[in-house]
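There are 2 protein chains.
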Amino acid sequence: MKTLVIVKIGGNVLDDPEARESFLGDFAALPGPKLLVHGGGKIASEMGLKLGLKPTYHNGRRITDDATIELVSMVYGGLINGQLTARLQSLGCNAIGLRGSDANILPARKRPKTSVDFGWVGDLDPSKLDPFFLSTLLGMGLTPVIAPLTHDNQGNILNTNADAIVSTLATLLSPIYKVRLIYCFEKKGVLERPDDDASVLSELTQEDYSTMKANCSARGGMLPKLDSAFAAAAGGVDTVIIGAAEDLCKNVKKNGTCGTRIMLHN
Amino acid sequence: MKTLVIVKIGGNVLDDPEARESFLGDFAALPGPKLLVHGGGKIASEMGLKLGLKPTYHNGRRITDDATIELVSMVYGGLINGQLTARLQSLGCNAIGLRGSDANILPARKRPKTSVDFGWVGDLDPSKLDPFFLSTLLGMGLTPVIAPLTHDNQGNILNTNADAIVSTLATLLSPIYKVRLIYCFEKKGVLERPDDDASVLSELTQEDYSTMKANCSARGGMLPKLDSAFAAAAGGVDTVIIGAAEDLCKNVKKNGTCGTRIMLHN
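Protein sequence lines correspond, in order, to chains B and U. To convert, note that position 246 of the first sequence is 245 in numbering that gives the first Met the number 0; the numbers rise steadily by one, no gaps. To convert, note that position 214 of the second sequence is 213 in numbering that gives the first Met the number 0; the numbers rise steadily by one, no gaps.
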């Protein structure tokens, strides 16, 4: 079975031009099949402010009204995805930018309205996912670059969490590839003590994670990220790592010791 | 040889929600392989105004500065392309949105600065064009939906005239398919007398066109459109038609009599 490296980037790697450039050089140089999923960073909020839109959040999740889905379609699907793809091409990586509606790679459902109406937000519909098109592209030597946008098959674009997308795609492709999934983020890995950047855990088991949730050393935005990482590990993904973008190449080495490896059990 | 229908839309078909919806229904229902190229319409200028950008033109062509290439990357590559693709998917057409950098389908060169600096504007580089990826997608039953954005292989996105793109792609695919190329626009076809909507020409030869240019009955924005249409006909494209979007289905019928057929000679 061939190894497929799947990388998720967001935040600082997108927002800081130097960090982005450095990451893209490392990513383009990775040998073998690879796939990139990106989030949105601060760019969408900044562009939204210029357009007079004020972002609304509920528990850290953006409410996506009509104007906001247009905004993220433009910023995630047009600006960021287009820039990443063009830059990767110039670095010799045959990238292809995709959103969920493209070739129907990410069919989703609009999140039902409960006490909160998240608007044009979608959750992937795993029963309708098919790895055929993505594995065909990978087999042709192409590198999919995927924006966090899905669709409801009724003509609507849906804003979808990039961590959830990458976890689902890694699981979907695991019967075909030995998948090495890397979540890039600001820290060197999962921290044992949130305020101590030197307390990077080399491994994190589900038991450890339960403890960390209970004592609040895992909290906030880390929870959905870690939940999706554990879902990938449970779904058969060979290796799941959370670490810093600048350690990407070291992470890809088979016995790399950078970042935190997500383990179902000890 | 299979027939491939290639359609170019812009202007009113994109700007008017009803015209767009009606067109997409007709387009999705066309049998066999098909490909869509879209322009930008007024949406980019409107979004630019909201962002405080004032469009600058030179002889009807937009000057593309740093802010403008970001704007058109967002509007053409993100918003319009994403909306068209998602809507076509909902209509049962397996669309895939693409820009020139995606799988390197449209390599281009930044237009050299002369007396006018057009900025981030590109002209296709026919020597580097390869039909392999697009014909592979078509062979898989996918419908490429192409935004008027190319790239210079140095990481830069370039704004590129959609008429020129569609003409070049139709020529590129003509050795593989019997191509029927349809330019959709506001009028029912090329008008013999610009102010008389009933004076639609059923055919236009290169000789007629020279006469019309000489007596100014072909002028303005029609000139680059007709130049690109004649270039396609000269490049081996089987059928080239200019007509109204609402006549699309009639145009596709082999002996359709709608619109103006572009002929090299009588």
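Just so you know, even glycine gets a beta-carbon here, dropped at the ideal spot from N, CA and C.
For residue i, list the residues DSSP reports as bridge partners.
i: U/P106; result: U/H150
i: B/C183; result: B/G242
i: B/P143; result: B/I95
i: B/N158; result: B/V120, B/L148
i: U/Y56; result: U/R61
i: B/V6; result: B/L35, B/I181
i: B/V199; result: B/L190
i: U/I164; result: DSSP lists no partner for U/I164.
i: B/M46; result: Per DSSP, none; premise fails for B/M46.
i: U/T204; result: U/M262
Would you mind sorting residue i into buried or exposed? The rule is 16 or more other CB atoms within 10 Å of its CB.
i: B/D246; result: buried
i: B/K33; result: buried
i: B/Q88; result: buried
i: U/F184; result: buried
i: B/N103; result: buried
i: B/S72; result: buried
i: B/L172; result: buried
i: U/L48; result: exposed
i: B/G39; result: buried
i: B/G220; result: exposed
i: U/T131; result: In the sequence on display, residue 131 of chain U carries Phe and not Thr. U/F131 is exposed by the Cβ-count criterion.
i: U/K252; result: exposed
i: U/G91; result: exposed
i: B/D195; result: exposed
i: B/T142; result: buried
i: U/G31; result: exposed
i: U/T159; result: buried
i: B/D129; result: exposed
i: U/A94; result: buried
Sorted by chain position, which residues of the same chain lie with C-beta nearer than 6 Å to residue i's C-beta, five sequence neighbours on each side aside?
i: U/S227; result: D162, A163, S166
i: U/Y176; result: K1, L3
i: U/K127; result: P106
i: B/G99; result: L105, L148, T149, H150
i: B/L83; result: V144
i: B/N266; result: Residue 266 of chain B lies beyond the range of chain B shown here (0 to 265); nothing can be said about it.
i: U/R86; result: L23
i: B/N214; result: none
i: U/E191; result: S198, L200
i: B/R260; result: E202, I240
i: U/P193; result: S216
i: B/I181; result: V6, I240, N250
i: B/D237; result: K177, V178
i: U/E20; result: none
Between which residues of its own chain and residue i is the CB-CB distance below 8 Å, once the five residues before and five after are set aside?
i: B/I42; result: L13, D14, V74, L78, I79
i: B/L263; result: T204, Q205, F229, A232, A233
i: U/L52; result: A66, T67, L70
i: B/Y208; result: A217, L225, F229
i: U/A37; result: One detail in the question is off: residue 37 of chain U reads as His in this sequence, not Ala. Here the set comprises K7, I8, G9, L13, Y75, I79, N80, L83, V144, I145, A146, P147, A161.
i: B/K187; result: D196, V199, G242, A243, D246, C257, G258
Only counting the same chain, and skipping five residues up and downstream in sequence, which positions put a Cβ closer than 7 Å to that of residue i?
i: B/A244; result: I8, V12, A18, F22, C183
i: U/S44; result: P54
i: B/M46; result: L70, V74
i: U/T170; result: A231, G234, G235, V236
i: U/M211; result: A217
Give a yes or no on whether the minimum CB-CB distance between residue i and chain A is below 8 Å.
i: B/L52; result: Of the protein chains in this structure, namely B and U, none is chain A.
- prompt: Would you say the stretch 106–118 of chain B touches the stretch 131–144 of chain B, given that touching needs at least three Cβ pairs under 8 Å?
  reply: With a cut-off of 8 Å on Cβ pairs, the stretch 106–118 of chain B is not in contact with the stretch 131–144 of chain B, counting fewer than three such pairs.
task: Evaluate the contact criterion for the stretch 59–68 of chain B versus the stretch 50–63 of chain U: three or more CB pairs, one atom per stretch, below 8 Å.
output: No, they do not touch.
- request: Name, going along the chain, the residues of the stretch 84–103 of chain U whose beta-carbon falls closer than 9 Å to a beta-carbon of chain B.
  value: Within the stretch 84–103 of chain U, T84, A85, R86, L87, Q88, S89, L90, N93, A94, I95, G96, L97, R98, G99, S100, D101, A102, N103 place their CB atoms closer than 9 Å to a CB of chain B, listed in sequence order.
Short-range partners of chain U found in the stretch 62–86 of chain B, where Cβ spacing is below 8 Å: Of all residues in the stretch 62–86 of chain B, E69, S72, M73, V74, Y75, G76, G77, L78, N80, G81, Q82, T84, A85, R86 have a Cβ within less than 8 Å of some Cβ in chain U.
- prompt: Looking at chain U, which residues of the stretch 30–63 of chain B have a Cβ within less than 9 Å of any of its Cβ atoms?
  reply: Residues of the stretch 30–63 of chain B with a Cβ closer than 9 Å to any Cβ of chain U, in chain order: M46, K49, L50, G51.
field: Selection of the stretch 151–165 of chain B by Cβ proximity to chain U, strictly under 7 Å
entry: From the stretch 151–165 of chain B, only N152, Q153, G154, N155, I156 have a Cβ closer than 7 Å to chain U.
Contact list for the stretch 135–146 of chain B against chain U, Cβ threshold 9 Å: Answer in chain order: T135, L136, M139, L141, V144, A146.
- prompt: What residues from the stretch 112–132 of chain B come within 7 Å of chain U, judged by C-beta to C-beta, listed N to C?
  reply: Residues of the stretch 112–132 of chain B with a C-beta less than 7 Å from any C-beta of chain U: none at all.
- prompt: Can you list, in chain order, the residues of the stretch 239–250 of chain U whose Cβ is nearer than 8 Å to any Cβ on chain B?
  reply: Per Cβ criterion, the list is empty.
query: Which residues, in order along the stretch 164–192 of chain B, keep a beta-carbon less than 8 Å from a beta-carbon of chain U?
result: Correct list: empty, as no residue qualifies.
- request: Pull out every residue of the stretch 209–235 of chain U whose Cβ sits closer than 9 Å to any Cβ of chain B, in chain order.
  value: If the cut-off is 9 Å between Cβ atoms, the stretch 209–235 of chain U has nothing near chain B.
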